[in-house]
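Colleague:
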Amino acid sequence: MRVAVRPRSGCLVICLCMSLVTLLLQSLWVPLEMTGDEVAGRSPEEHGQHGLGLHRLALRLEALNTQVQSLSRDKEDTQMNRNDLSLLLQSFKQDQQGLAHLLKTELQRVSQRLDQLSHLHHNQAQIQTPHEDNRSHSGPNEKCEVTLDPAYPACVEKVEFLRAHWQSDPCYAFYGVDGTTCSILTYLSQIEGFCPPRPGQNPSALPWHHKPQSYTKKTDIRESLDPVYDAINNSSSLAVKFIRSRMERMSQRWIEAGLRLKQSDNNTGSTQMKVLLYPGALAGSVGQQFETMVERGGPLGELVQWADLSACLTVLGHDLTFSSSQRQLHRLIGAAPGRGSCPIQGPLTFDLIYTDYHGLAHLQAAMGMAFQHYHCRFRILDSFGTEPAFNLANYAESRGYKTLWGSWGLQPLQYMNMFPHTPDNSFLGFVSEEAVKTESTGGELGPESYRKDGIAVVYGKQAYMWQGKSEYVEVISEELETHATVYQPPGHNSILPSFVRNHGFLTQEQFLQLLRRAKVFVGLGFPYEGPAPIEAIALGCIFLQPRFDPPQTSENNDFYKGKPTTRQISSQHPYAEEFIGKPYVWTVDMTNKTDVRETVKAILSTEVKPFTPQEFTCMGMLERVRGYITHQNFCSKSVPTRLPESALRVHLGPLGQSCVDVCQRSSLLCQPALFHHLNTPATFTRLRLGCTSMVQEVNHLFPSYSPWGRRCGLQQEPLLFSCAGSDPSHRRLCPCSS
């Protein structure tokens, strides 16, 4: 007997079968590679919903099976052979049984996995930590609901975030979060402060907000650097060894300067600060790269500054901790175990943290939201300066000033520079090496003490710095025996000209000994703005450097590209050119042989004595750093300034000039701390500027006057008060003082 089955009905049967298979795979299959986060991250309510979904699915499968069986019994519209249909249904039945067996197996596996994770979370909850009191001890009948509270607007959003991501960082489990609503609310109320206190719990300050015990001990000038030696004694780092060796070599000068400071002003001492020194450039992978360069002629300017800061703070009597390890940093600041998503465990115990841009990133990654709470305590060693326009993230992004090194939102004076690049930042400096005389005697040196040989030492310790400079150096070698200190890798031939005597890599002591003999210290154009030219001048050398035309900027020089500054660099060492000048500093056109030759001859007929600017002596740095620690309080809401309003001299600059240039033109200095005194409509009135409009905006050029339309602009964001910055359409109002 033949049974007719319409093609349409046959397709229906096949489609139903395929739909059943697909539905089973999509709804019930738990991939083997599914992570524990995805399974265990569900709340108990979600597990209940999952069980209900399985029940509904089973009912639907039963209904589908009934429909297929009904189709198999329908004989009115069939044309298919009964045996064929029987084989099809038997095959489907076998597939159905196989899928059912697979479903049972997978459900057993998922159940076992959930039991394992539940057991793991139970064990974690039993681990004793310093924050056991902050953990959720919810009873089985306790109900935790997220309620809307206008006083805690971010609570709901934070709860939802942690429900999904509490396993993304182990620090949440460390603070007691186990995925339940109760534990999340406890954490968000007691650790992050985004949710209201739990019932029965008294509102209290967050643990990392508590103020540590106040210090009452007074500083006293130390007569030894032993405390800082002890602080760094356990480091095997080549860079740290360089820092220590420099301090040891200059220790006597530091002690003598400290005693003079103590005698000069009868210093009764100020409150002793607990200070952390963390050079982030020496930590992690960046530190490993830095290490390889220390004995190959790499940059040592940063290490010089770290050494002198360490010695300076020690002599001033402060309590120092030195670290160049990220792991040790986490321990020192009390970071929670994990990847930095949570705040630190308790209040920061350091009054000041000196670090660099790398260290700032390490601190942010370790402190979580506590980073913003304590950022007023940071001091950033920043060689090239950070102008206010680059400092605010949103402003920098919208105005095209965003770089890798800015956007931290600190007070601009928290950035501490190697040279006084901009008054927007603080000038930290360093201490220059000196000739035979000591700071304690202050006596004049006899002619025999600074008599020089007819030699020139070239400033450039790596071979790439010499590329394209051979003709320039050759002209100098016509008059002076030319020496170099270029690192030479073993087995490599020298690329230096034959008329240059290369000593190879020298220790700092050997290099200084060579400078004591040299008449001229020759700059090749790079490295920019380092400490070596100042030290060479202090040892009786004349510094010869190339002029840059056009000036080097972030727009035309790869080295300055990305640096948070708009400065225009007119020579290899602008500070030496502008603030020291002839006869100690001579600037030439390196490509003009005649200019170079005549300049060298003029130098040979010039006698100079060793010269050290006061700001680069031990005494100068001690006074400067003591002043910063005493008067720079960025945690206070008041404006940090030592200058009275009577010191203000308001100057209206010409179009296109920065306030640095405007004040300097009148032999004055721009004082950013005085900006708030002139940022008023009354200032424009006193200057007789008829303003047709007065606007208040977030603009680093304000306050300023635009003659086109006679628009007057006031500054809305105090962090953008800036001595730097210029624009052809603005005449800036500048706070100058002597």
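Here the sequence shown is numbered in my numbering, starting from -5 and rising by one per residue. All residues carry an ideal CB built from backbone N, CA and C; glycine is no exception. All values derive from a computational prediction rather than experimental measurement.
For Q282, which of helix, strand or coil comes out of DSSP?
Modeller: Within the sequence shown, the letter at position 288 stands for residue 282. The answer is helix: DSSP assigns Q282 an H, G or I state.
Colleague: In the DSSP assignment, find the beta strand (DSSP E) that holds D543 and state where it starts and stops.
Modeller: Mapped onto the sequence shown, residue 543 falls at position 549. Unbroken beta strand (DSSP E) run through D543: 536 to 546.
Colleague: May I ask you to list the residues that DSSP assigns as paired with I449?
Modeller: On the sequence shown, position 455 is the one that residue 449 refers to. I449 pairs with E475.
Colleague: Assign T600 to one of two classes, buried (16 or more other C-beta atoms within 10 Å of its C-beta) or exposed (fewer than that).
Modeller: The residue labelled residue 600 in the question sits at position 606 within the sequence shown. Classification of T600: exposed, given that the 10 Å Cβ count is below 16.
Colleague: Going by the CB atoms, is the gap between P525 and F424 shorter than 9 Å?
Modeller: As a first step, residue 424 is located in the sequence shown; it is residue number 430 there, counting from the start. As a first step, residue 525 is located in the sequence shown; it is residue number 531 there, counting from the start. Yes, the Cβ-Cβ distance between F424 and P525 is below 9 Å.
Colleague: I'd like the span of the beta strand (DSSP E) that includes K268, first residue to last.
Modeller: Counting from 1 along the sequence shown, the entry for residue 268 is found at position 274. Note, K268: beta strand (DSSP E), 268 to 272.
Colleague: Mind the definition here: the region 330 to 339 touches the region 163 to 177 only if three or more C-beta pairs lie below 8 Å; say whether that holds.
Modeller: They touch, by the three-pair rule.
Colleague: Can you check the region 627 to 699 for any alpha helix (DSSP H) of at least 4 residues that lies completely inside it and give the ranges in chain order?
Modeller: 653 to 659, 669 to 672, 675 to 680
Colleague: Would you list, in sequence order, the uninterrupted beta strand (DSSP E) runs of no fewer than 3 residues that lie entirely inside the region 548 to 588?
Modeller: For the region 548 to 588, the continuous beta strand (DSSP E) assignments of 3+ residues that do not extend past its boundaries occur at 563 to 565, 579 to 582, in sequence order.
Colleague: Per DSSP, which one or two residues make a beta bridge with P729?
Modeller: Taking the first residue of the sequence shown as position 1, residue 729 is located at position 735. V644, per the DSSP bridge assignment.
Colleague: What number of angstroms, rounded off, separates the C-alpha of C717 from the C-alpha of L386?
Modeller: Your numbering for residue 717 matches position 723 in the sequence shown. Your numbering for residue 386 matches position 392 in the sequence shown. One C-alpha to the other measures close to 16 Å.
Colleague: In the structure shown, what three-state DSSP assignment does V467 receive?
Modeller: Position 473 of the sequence shown holds residue 467. In the structure shown, V467 adopts helical secondary structure according to DSSP, grouped into three states.
Colleague: I need the DSSP call for N385, collapsed to helix, strand or coil.
Modeller: Position 391 of the sequence shown, counting from 1, holds the residue named residue 385. Looking at N385 - three-state DSSP - the assignment turns out to be coil, as it is neither helix nor strand.
Colleague: Please state whether the Cβ-Cβ distance between E468 and F493 is less than 9 Å.
Modeller: Position 474 of the sequence shown, counting from 1, holds the residue named residue 468. Position 499 of the sequence shown, counting from 1, holds the residue named residue 493. Contact flag set, yes.
Colleague: Between the C-alpha atoms of P648 and R726, what's the straight-line distance to the nearest angstrom?
Modeller: Residue numbering aside, residue 648 sits at position 654 when the sequence shown is read from its first letter. Residue numbering aside, residue 726 sits at position 732 when the sequence shown is read from its first letter. Spanning the two alpha carbons is a distance of roughly 7 Å.
Colleague: Within its chain, find whatever has a CB closer than 6 Å to the CB of W300; leave out the 5 residues flanking it on each side and keep chain order.
Modeller: The residue labelled residue 300 in the question sits at position 306 within the sequence shown. Excluding residues within five positions, the ones whose Cβ falls inside 6 Å are I237, P273.
Colleague: Buried or exposed for Y578, please, with buried defined as at least 16 other CB atoms from any protein chain shown within 10 angstroms of its CB.
Modeller: Working through the sequence shown from its first residue, we reach residue 578 at position 584. Buried, because 16 or more other Cβ atoms sit within 10 Å of the Cβ of Y578.
Colleague: Between the C-alpha atoms of S183 and A329, what's the straight-line distance to the nearest angstrom?
Modeller: Here residue 183 is taken as the residue at index 189 of the sequence shown, counted from 1. Here residue 329 is taken as the residue at index 335 of the sequence shown, counted from 1. Straight-line Cα distance between these residues: approximately 19 Å.
Colleague: Residue range of the beta strand (DSSP E) that R371 falls in?
Modeller: Against the sequence shown, residue 371 aligns to sequence position 377. Neither: R371 is in no beta strand (DSSP E) and is coded neither H nor E.
Colleague: Let me confirm a value: M318 is counted as buried when at least 16 other C-beta atoms fall within 10 Å, else exposed. Which label applies?
Modeller: Reading the sequence shown from its first residue, position 324 is the one you call residue 318. Checking the sequence shown, residue 318 turns out to be Ser, not Met. Under this definition S318 is a buried residue.
Colleague: Whose CA, out of K211, L518, N487, T479, lies closest to the CA of M459?
Modeller: Sequence index remark: in the sequence shown, residue 459 carries index 465 (1-based). With distances taken between Cα atoms, M459 lies closest to L518.
Colleague: In the DSSP assignment, what residue or residues form a beta bridge with I347?
Modeller: Position 353 of the sequence shown, counting from 1, holds the residue named residue 347. Answer is L270, F372, bridged to I347.
Colleague: In terms of DSSP beta bridges, what is D313 paired with?
Modeller: Translated into positions along the sequence shown, residue 313 becomes position 319. Per DSSP, K268.
Colleague: By the three-class DSSP mapping on this structure, what secondary structure does Q482 have?
Modeller: Here residue 482 refers to the residue found at position 488 when the sequence shown is read from its first residue. In this structure, Q482 counts as coil in the three-state DSSP scheme.
Colleague: Please state whether the Cβ-Cβ distance between I347 and L270 is less than 9 Å.
Modeller: Walking along the sequence shown from the start, residue 347 turns up at place 353. Walking along the sequence shown from the start, residue 270 turns up at place 276. Yes; because the gap between Cβ atoms is below 9 Å, this pair is in contact.
Colleague: What residue does the alpha helix (DSSP H) around F168 start on, and which one ends it?
Modeller: As a position in the sequence shown, residue 168 is number 174, starting the count at 1. Taken as a continuous stretch (DSSP letters only), the alpha helix (DSSP H) holding F168 covers 164 to 168.
Colleague: In its own chain, which residues sit with a C-beta less than 6 Å from the C-beta of L500, not counting the 5 before and 5 after it?
Modeller: By 1-based counting over the sequence shown, the position of residue 500 is 506. Once the five neighbours on either side are set aside, the close Cβ partners of L500 are T479.
Colleague: In angstroms with no decimal places, state the Cα-to-Cα distance between S258 and S731.
Modeller: The count along the sequence shown starts at 1 and reaches residue 258 at position 264. The count along the sequence shown starts at 1 and reaches residue 731 at position 737. Looking at the two C-alpha atoms, the distance is approximately 26 Å.
Colleague: Tell me which residues share the same chain as P25 and place their Cβ nearer than 6 Å to its Cβ, disregarding the 5 neighbours each side in the sequence.
Modeller: Stepping through the sequence shown from its first residue, residue 25 is reached at position 31. Here P25 scores only 34 on pLDDT, less than 50, and its place in the model should not be relied on; the value that follows carries that caveat. No residues qualify anywhere along the chain.
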